[in-house]
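Numbering of the sequence shown is given in my numbering, commencing with residue 434 and proceeding in unit increments. For each residue, glycine too, the CB sits at the ideal point set by N, CA and C. These figures come from a predicted structure and were not determined experimentally. Step one of this worksheet: look at the structure below.
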Amino acid sequence: MKYLKRAALFSAVLLSALGAPAQAGLFDRTPKPVILEVQGNRAEEFKQLVRDDSALEKVAKVAAPEPAKVAIAKIRLNFATQSSAASTEGRPGGKTSSQYVDYSLLKVSNDDVQKMADLFYADLVKLLGSKGYVVQPPEYLLTDPKFAQAVAQTKSPVESEALVKKEKTVTAIAKQTAQFSGMGNGGMDYYALSKAKKDALLLELDFDMDMVAIKKASDSGNWFQWQQIDHKPALHVKSGMVRFHLDGNTAQFSFLEKAMLPGEVFAGAEKKATSATDTAATVFGALMGAGGSSNSYNVLPVENFPEAIAKSLQPFAEVVIQGLPQPAKAATPQ
434 MKYLKRAALF SAVLLSALGA PAQAGLFDRT PKPVILEVQG NRAEEFKQLV
484 RDDSALEKVA KVAAPEPAKV AIAKIRLNFA TQSSAASTEG RPGGKTSSQY
534 VDYSLLKVSN DDVQKMADLF YADLVKLLGS KGYVVQPPEY LLTDPKFAQA
584 VAQTKSPVES EALVKKEKTV TAIAKQTAQF SGMGNGGMDY YALSKAKKDA
634 LLLELDFDMD MVAIKKASDS GNWFQWQQID HKPALHVKSG MVRFHLDGNT
684 AQFSFLEKAM LPGEVFAGAE KKATSATDTA ATVFGALMGA GGSSNSYNVL
734 PVENFPEAIA KSLQPFAEVV IQGLPQPAKA ATPQ
């Protein structure tokens with residue numbers, strides 16, 4: 434009997450915790466994730482992802498140098514190898530249904546994530562060149578002693594873990610770039626570097642990639658639009674920030690919406706056995722009038738996973754370029 438009471442109490446706390454992260458999204462005030470097609474309208478996708486007119490106005494005030502030299506100072510990729518999410522959906526009669534899911538990506542090493550960052554760097558260099566930019570080689574920035582020191586001291590890849598949420602992330606900095614250690618992610622150091630290298634547009638890029646997808650539930654008359662988990666791993670850029678400098682003039686924009694990426698990068702997902710804790714939470718939720726589900730999956734990658742990720746990220750790189758000062762001789766963005 435004592436065991437049942439303890440299980441019920443624990444289940445109540447667990448269900449409450451699982452539902453809490455979704456509260457901010459219960460009323461669905463934001464648009465659906467932006468789906469990046471292989472052949473898409475990048476200018477329109479960029480506007481949908483940024484959704485910040487004031488930031489775009491500041492970006493527009495920074496003109497590209499002539500010739501349009503670009504130096505990539507930082508590419509930082511945060512890639513989730515274990516991820517979780519919780520959501521709550523409204524039911525008629527005041528009942529609710531809670532969902533929880535977590536994914537563990539197997540057979541992907543930290544070095545694989547490092548390779549993803551390096552491949553993204555190489556693809557971005559090629560893409561910038563095709564758009565009329567003159568991309569400076571790594572040696573251009575390495576002649577600055579402070580930047581060279583930052584490159585030497587940058588630790589990559591680095592793994593971090595949040596056991597309570599069952600989340601694990603690998604952070605990788607592209608080898609040719611650096612993460613300054615100062616305040617604000619080294620913002621002042623990048624600013625100083627741009628003053629020293631005043632003839633080139635200095636570029637920083639941070640972005641987070643995840644597997645868990647949240648979708649909007651179907652319409653139900655006057656009911657609020659609830660969020661629910663899509664029980665299928667889907668690759669997307671969860672968030673990101675691009676900042677660039679030109680001779681001390683700085684502008685930046687953030688991706689406020691998720692960018693769903695094209696391509697098949699997961700070979701499949703295998704459901705894990707349900708634990709006793711998950712079962713207790715589901716039973717207690719049913720007794721209290723709140724349906725619930727908790728599922729865990731092992732996700733398998735396709736072969737040559739880093740290369741598959743790099744290919745899926747190419748449309749995202751094209752979107753990033755939409756926000757940069759355009760060179761005078763570049764083709765009109767499509």
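Item	Value
Residues bridged to serine 727 (per DSSP)	Tyr533
Reference asparagine 728, options Ser531, Glu490, Glu477, closest by Cα	Ser531
is_contact[methionine 693, chain D] using C-beta, thresh 8 Å	Included in the structure is just one protein chain, with no chain D present.
Sub-8 Å separation of proline 466 and methionine 693 beta-carbons	yes
Other residues of its chain near threonine 604: CB distance less than 6 Å, five sequence neighbours each side excluded	Asn511, Val591
With 16 other Cβ atoms within 10 Å as the buried cut-off, status of valine 471	exposed
Three-state class that DSSP yields for arginine 676 in the structure shown	strand
Best match in Ser520, Leu636, Gly615, Val698 for proximity to methionine 674 [C-alpha to C-alpha]	Leu636
Beta-carbon proximity list for aspartate 485, same chain, < 8 Å, skipping 5 on both sides	Phe686, Ser687, Leu689
Through-space distance from glycine 696 to lysine 388, alpha-carbon basis	Residue 388 is absent from the structure shown; the chain starts at 434 and stops at 767.
Of the residues Ala633, Tyr624, Glu703, the one placed nearest glycine 681, counting alpha carbons only	Tyr624
Under the three-state DSSP convention, the category alanine 506 falls into	strand
Glutamate 600 vs serine 517 beta-carbon contact at 8 Å	yes
Buried or exposed (CB count within 10 angstroms, at least 16 for buried), glycine 756	buried
Assigned exposure category for glutamine 586 - 16 Cβ within 10 Å defines buried	exposed
Within 8 Å, strictly: CB atoms of threonine 610 and alanine 506	yes
For glutamine 658, the three-state DSSP class (helix, strand or coil)	The predicted position of glutamine 658 is uncertain, since its pLDDT is 45 and thus under 50; a value taken from the coordinates is nonetheless stated next. Coil, per DSSP.
Strand pairing of lysine 601, partner residues [DSSP]	Gln515, Glu594
Residues near valine 492 by beta carbon distance below 7 Å, same chain, minus five either side	Ala684, Phe686, Gly756
Reduced DSSP secondary structure (H/G/I, E/B, other) of valine 735	coil
Alpha-carbon spacing of lysine 494 relative to glutamate 478, whole angstroms	21 Å
Member of Gly620, Ala750, Ala519, Pro498 whose CA lies at the smallest distance from the CA of aspartate 556	Ala750
As assigned by DSSP and simplified to three states, the class of leucine 635	strand
Residue from Leu538, Tyr536, Lys608 with nearest C-alpha to phenylalanine 553	Lys608
DSSP bridge partner residues for asparagine 474 (one or two, in chain order)	According to DSSP, which records beta bridges pairwise, asparagine 474 is partnered with nothing at all.
Proximity of aspartate 622 and arginine 509 at Cβ, strictly below 8 Å	no
Close Cβ partners of leucine 489 (< 7 Å) along its chain, the five nearest in sequence each way excluded	Val483, Phe686
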